[in-house]
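Some notes on the structure that comes next.
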Amino acid sequence: MALRTAFTDLLSIDHPIASAPMGGSAGGELAAAVSNGGGLGLVGGGRGERAWLERELAIVTARTSRPWGVGFLAWAVEVSTVEWVLDQGPAAVMLSFGDPGPFAARVHAAGIPLIIQVTDLDEARRAVDLGADLLVAQGAESGGHGGRRSTLTLVPAVVDLVAPVPVLAAGGIADGRGVAAALVLGAVGALLGTRFQASHEALVDAEIVKAIVGGLGADTERSRVLDVARDSGWPARYTARVVTNSFLDTWRGREQELERDVDTRRAYREAAARGDLAVVSVWASEAIDLITEVASATELVRLIAEETERAFTCAT
-10 MALRTAFTDL LSIDHPIASA PMGGSAGGEL AAAVSNGGGL GLVGGGRGER AWLERELAIV
50 TARTSRPWGV GFLAWAVEVS TVEWVLDQGP AAVMLSFGDP GPFAARVHAA GIPLIIQVTD
110 LDEARRAVDL GADLLVAQGA ESGGHGGRRS TLTLVPAVVD LVAPVPVLAA GGIADGRGVA
170 AALVLGAVGA LLGTRFQASH EALVDAEIVK AIVGGLGADT ERSRVLDVAR DSGWPARYTA
230 RVVTNSFLDT WRGREQELER DVDTRRAYRE AAARGDLAVV SVWASEAIDL ITEVASATEL
290 VRLIAEETER AFTCAT
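The working numbering numbers the first residue of the sequence shown as -10 and each following residue consecutively.
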């Protein structure tokens, strides 16, 4: 049985599963593979680097005829970049972290569904005021950047607050049991990030994939240390969940000191450029305990959909 929800109906997809638009790693090949599996693949547009987007959108349009979308960092991307992407045929545009206000009207004018990711109730209210067609309630269990609320409590609170606007759940979801739980909480589907990092199509270094597959949720933590070290410019309110490494251990709780230490930050960036896992950011959710192998993203979507359906069957 195929699970039909407001999400699958809105985007004309088969399964209530989306891949997170992870900056730098969610390229056109990954988005196409997820979409070909019946989910919604999202290209990680990040800050809107134009040459990267041109290359990756050419890939996704060449490799799938199914709906796909693009996600951006609202605090960093330029309006002109979003406008250019709107002309490339996405089925949806997703905005995360920061004020989506400057972009919302343009997305609506293009007749394309607007997805806004939120990390708390204030952001959810703002998203509804801007006319979001779909919200993503992202819990703190997620890999990479996010807020402080847990998925289990944030999702139903957002669902109740914004009804009848549909909501996807995100944060610590890596299999069909998690998707089923999201549906029980009132969400219309789930957005998964780290699970798709460990796929053949993700633009991720092999050593980072190995760290994810071999890692444990207890080895991850939320921190600003690595953002400070790499001069990322990320707003301080959004910490990032990463696999703990020796650099983070050294500088934990010393962010202000690190901000003043130009030499250490320069050395960090040089080591990260070499792929040194003692310093490099391995974005990963608490759900990495559930990720034990690398697979095709197309097959992952189908497997997770089957697990979701089985979870409901076993519960009845």
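We put the beta carbon where it would ideally sit given N, CA and C, even for glycine. Here the structure is a predicted model, which means the values were calculated and not measured.
**Asked** Under 8 Å between the Cβ atoms of VAL271 and ILE162?
**Response** Here residue 271 is taken as the residue at index 282 of the sequence shown, counted from 1. Here residue 162 is taken as the residue at index 173 of the sequence shown, counted from 1. No.
**Item:** Ranges of the alpha helix (DSSP H) found wholly within the region 22 to 60, counting only runs of at least 4
**Value:** Within the region 22 to 60, the runs of alpha helix (DSSP H) at least 4 residues long that lie entirely inside it are, in chain order, 39 to 52.
**Message:** Per DSSP, what are the beta-bridge partners of SER85 in this structure?
**Reply:** Within the sequence shown, numbered from 1, the residue matching residue 85 stands at position 96. Answer is LEU62, bridged to SER85.
**Request:** Go to GLN77, then tell me how far its beta strand (DSSP E) extends in each direction, as first and last residue.
**Result:** On the sequence shown, position 88 is the one that residue 77 refers to. Unbroken run through GLN77: none, as it is neither H nor E.
**Message:** Please report the straight-line C-alpha distance between VAL251 and ASP216, rounded to a whole angstrom.
**Reply:** Residue mapping note: residue 251 aligns to position 262 of the sequence shown, counting from 1. Residue mapping note: residue 216 aligns to position 227 of the sequence shown, counting from 1. Answer to the nearest angstrom: the Cα atoms are 14 Å apart.
**Asked** Per the contact definition of three or more C-beta pairs closer than 8 Å, is the region 110 to 129 in contact with the region 155 to 172?
**Response** Three or more pairs of CB atoms, one per stretch, sit closer than 8 Å, so the region 155 to 172 contacts the region 110 to 129.
**Classification of VAL232 by the beta-carbon crowding that lies within 10 angstroms, buried from 16 upward** = Numbered from 1 along the sequence shown, position 243 holds the residue referred to as residue 232. Buried, by the Cβ-count rule.
**Prompt:** Helix or strand or just coil, what does DSSP make of THR228?
**Reply:** As a first step, residue 228 is located in the sequence shown; it is residue number 239 there, counting from the start. Note: THR228 maps to strand in three-state DSSP.
**Message:** Contact defined as beta carbons within less than 8 Å: I believe PRO374 pairs with LEU0. What is the distance between those atoms, to the nearest angstrom?
**Reply:** A question about residue 374 goes unanswered here, because the residues of the chain that appear run from -10 up to 305.
**Prompt:** Since VAL107 contacts VAL147 with CB under 8 Å, what's their CB separation in whole angstroms?
**Reply:** Walking along the sequence shown from the start, residue 107 turns up at place 118. Walking along the sequence shown from the start, residue 147 turns up at place 158. VAL147 and VAL107 do touch by the CB rule: their CB atoms are close to 7 Å apart, below 8 Å.
**Message:** So, for ALA129: in the same chain, excluding its five sequence neighbours on each side, which residues have a beta-carbon less than 7 Å away from its beta-carbon?
**Reply:** By one-based count along the sequence shown, residue 129 stands at place 140. Excluding residues within five positions, the ones whose Cβ falls inside 7 Å are GLY135, GLY136, ARG137, ARG138, SER139, GLY160 and ARG211.
**Item:** Neighbour-count burial assignment, ASP238, 16 or more Cβ in a 10 Å radius
**Value:** Taking the first residue of the sequence shown as position 1, residue 238 is located at position 249. Looking at its Cβ environment, which holds fewer than 16 other Cβ atoms inside 10 Å, ASP238 is exposed.
**Asked** Which residues does DSSP pair with ARG211 in a beta bridge?
**Response** Numbered from its first residue, the sequence shown carries residue 211 at position 222. According to DSSP, which records beta bridges pairwise, ARG211 is partnered with ARG230.
**Request:** Could you tell me whether the region 59 to 78 touches the region 37 to 51, where touching means 3 or more Cβ pairs closer than 8 Å?
**Result:** yes
**Request:** Just the C-alpha distance for THR297 and ALA169, rounded to the nearest angstrom, thanks.
**Result:** Numbered from its first residue, the sequence shown carries residue 297 at position 308. Numbered from its first residue, the sequence shown carries residue 169 at position 180. One C-alpha to the other measures close to 5 Å.
**Prompt:** Whose C-beta lies closer than 7 Å to the C-beta of ARG166 among residues of the same chain, with five residues either side of it excluded?
**Reply:** Counted from its first residue, the sequence shown places residue 166 at position 177. Take ARG166, set aside five residues on each side of it, and the residues of its chain with a beta-carbon closer than 7 Å to its own are GLU296 and ALA300, in chain order.
**Item:** Exposure of GLY264, with buried meaning 16 or more beta-carbon neighbours within 10 Å
**Value:** In the sequence shown, residue 264 corresponds to position 275, counting from 1. A residue is called buried once 16 or more other Cβ atoms fall within 10 Å of its Cβ, and GLY264, having fewer, is exposed.
**Prompt:** Do you know offhand how far THR281's Cα is from ILE197's?
**Reply:** One-based indexing of the sequence shown puts residue 281 at position 292. One-based indexing of the sequence shown puts residue 197 at position 208. For THR281 and ILE197, the distance between alpha carbons rounds to 14 Å.
**Asked** Any idea if LEU84 is buried or exposed, counting beta-carbon neighbours within 10 angstroms, 16 or more meaning buried?
**Response** Numbered from 1 along the sequence shown, position 95 holds the residue referred to as residue 84. Flag for LEU84 reads buried.
**Asked** Rounded to a whole number of angstroms, what is the C-alpha to C-alpha distance between ILE105 and ALA116?
**Response** Within the sequence shown, the letter at position 116 stands for residue 105. Within the sequence shown, the letter at position 127 stands for residue 116. Taking the straight line from one Cα to the other gives about 6 Å.
**Request:** Assuming GLY37 and THR70 form a contact by the criterion Cβ under 8 Å, report the distance between their Cβ atoms to the nearest whole angstrom.
**Result:** By one-based count along the sequence shown, residue 37 stands at place 48. By one-based count along the sequence shown, residue 70 stands at place 81. GLY37 to THR70, Cβ: 4 Å. Contact.
**Message:** Let me confirm a value: VAL177 is counted as buried when at least 16 other C-beta atoms fall within 10 Å, else exposed. Which label applies?
**Reply:** Indexing the sequence shown from 1 puts residue 177 at position 188. By the Cβ-count criterion, VAL177 is buried, with 16 or more other Cβ atoms from all chains shown falling within 10 Å of its own Cβ.
**Request:** Take the Cβ of ALA276 as the centre, count every other Cβ of all protein chains shown within 10 Å, and call the residue buried at 16 or more, exposed below.
**Result:** In the sequence shown, residue 276 corresponds to position 287, counting from 1. Buried: at least 16 other Cβ atoms inside 10 Å.
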